[in-house]
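Heads up: the structure comes next, in structure tokens.
Numbering (this note's numbering), first residue to last: 129 to 586.
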């Protein structure tokens, strides 16, 4: 707050006496933040959906957690600062109108009943109070937005570090320690000391000597965690809100807000996977997932895939209408689904000895092992056109250009096919008997019904 500025020589009205002095910076920061953060989700989507299919199911879940947290934080901040821009715009409008109509509302010209008019008048304490209330409201929203950003920063960095540490331990152990065990160990090492210190402070903090060993140890642990980022809830803007509106009420409101944003992020992902229908069409119209062979899934065609994201990568051909002599079929390698198949059916090729003191000999052994593996891929995937197996099916290793996903390409000769509609069906072989029950359960859960069917026309 500051004293009113002297009236300008040109006769313009100065800003109200209690105007927040930082209102211009608030507008600048909110506008710049909203503009920059709106670009972030698309960048994060591209990075996440190009990374997720490469990992086993457990590690993929660890990758998903930081992604969901960053997207949720982005949406929360955008929503908060958009709300601030709206609140500050309302204040600007009230200030402008108070300059045009300095007397405020002319209640005598409002032809309402006396009780209704009285109720309305009680809601407005005058033009000056209305302007100040709008100004304070906008500053509160801005302060909450900044405090909320600081609150989200430490957990976000912590989640990324936990995921990185879990992945590093999983790889260093040679996959001998299951990822849930690794995640639990890392989580316990990080959080258990903090939880124990908080419980000691809560339940025995008032009964122990301030200079005793328990108090000194607890205080040392808490100071360490606060210095390491666990003090995000103690940044000054959030402390002000907690002290003014109540600790439990403020904590509940913030928790609800975070859960709502996370729910929006999850719903966004589920809509992309066609888990439920938010398109507005009635239930009488079947979804793409429920219509086998009679629905044209745009993810199955290279010329329609731009901007379409999915946790499970889709095989695709070049177009709905194939004018070329060959259909170029790309079958993506999805680690949780396809790794057990390759290990079970192509284990000899994967475990081939490629070590040699002679570099040229080692390179030759590696090329031979790769050739045997790609030849074996033909036993993992079967391709049928119009119900007939494709003869002499040959797969080559390839990379999908948009997300960089690796997979296998088969060039299928379709010169002999007549004009009209045709159906290409991709089948995966069953898991061998050597597969573990966990691998069988994961495979059955992730395989696509009776195969992936792609319709095309000549």
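Positions of the beta carbon are idealized from the N, C-alpha and C atoms, including for glycine.
Only a predicted model underlies this, so the values are computations on that prediction, with no experimental measurement involved.
DSSP three-state call for residue i: helix, strand or coil?
i: residue 263; result: helix
i: residue 510; result: strand
i: residue 251; result: helix
i: residue 551; result: strand
i: residue 526; result: strand
i: residue 192; result: helix
i: residue 205; result: helix
i: residue 235; result: helix
i: residue 534; result: strand
i: residue 327; result: helix
i: residue 229; result: coil
i: residue 582; result: strand
i: residue 541; result: strand
i: residue 577; result: Residue placement at residue 577 is poorly supported in this model, since its pLDDT is 47, which falls under 50; the coordinates still yield a value, given next. Looking at residue 577 - three-state DSSP - the assignment turns out to be coil, as it is neither helix nor strand.
i: residue 372; result: helix
i: residue 546; result: coil
i: residue 497; result: helix
Give a yes or no on whether the C-beta atoms belonging to residue i and residue j are separated by under 9 Å.
i: residue 462; j: residue 181; result: yes
i: residue 205; j: residue 276; result: yes
i: residue 557; j: residue 511; result: no
i: residue 401; j: residue 368; result: no
i: residue 270; j: residue 212; result: yes
i: residue 526; j: residue 535; result: yes
i: residue 203; j: residue 169; result: yes
i: residue 210; j: residue 158; result: yes
i: residue 365; j: residue 233; result: no
i: residue 262; j: residue 229; result: no
i: residue 235; j: residue 249; result: yes
i: residue 450; j: residue 518; result: no
i: residue 324; j: residue 311; result: no
i: residue 552; j: residue 455; result: yes
i: residue 471; j: residue 444; result: no
i: residue 318; j: residue 286; result: yes
i: residue 538; j: residue 521; result: yes
i: residue 466; j: residue 502; result: no
I need the boundaries of the alpha helix (DSSP H) containing residue i, first residue and last residue.
i: residue 387; result: 375-400
i: residue 444; result: First-last for residue 444: undefined, no H or E at that position.
i: residue 170; result: 168-179
i: residue 240; result: First-last for residue 240: undefined, no H or E at that position.
i: residue 153; result: 151-165
By DSSP's criteria, residue i is part of a beta bridge. Which residues make up the other side?
i: residue 517; result: 512
i: residue 556; result: 509
i: residue 429; result: 445
Just curious, the beta strand (DSSP E) that residue i is in, first and last residue?
i: residue 424; result: Premise fails: residue 424 is in no beta strand (DSSP E) and is neither H nor E.
i: residue 345; result: From DSSP, residue 345 is part of no beta strand (DSSP E) but of the alpha helix (DSSP H) over 341-353.
i: residue 456; result: 454-460
i: residue 465; result: No beta strand (DSSP E) holds residue 465; the alpha helix (DSSP H) holding it covers 463-473.
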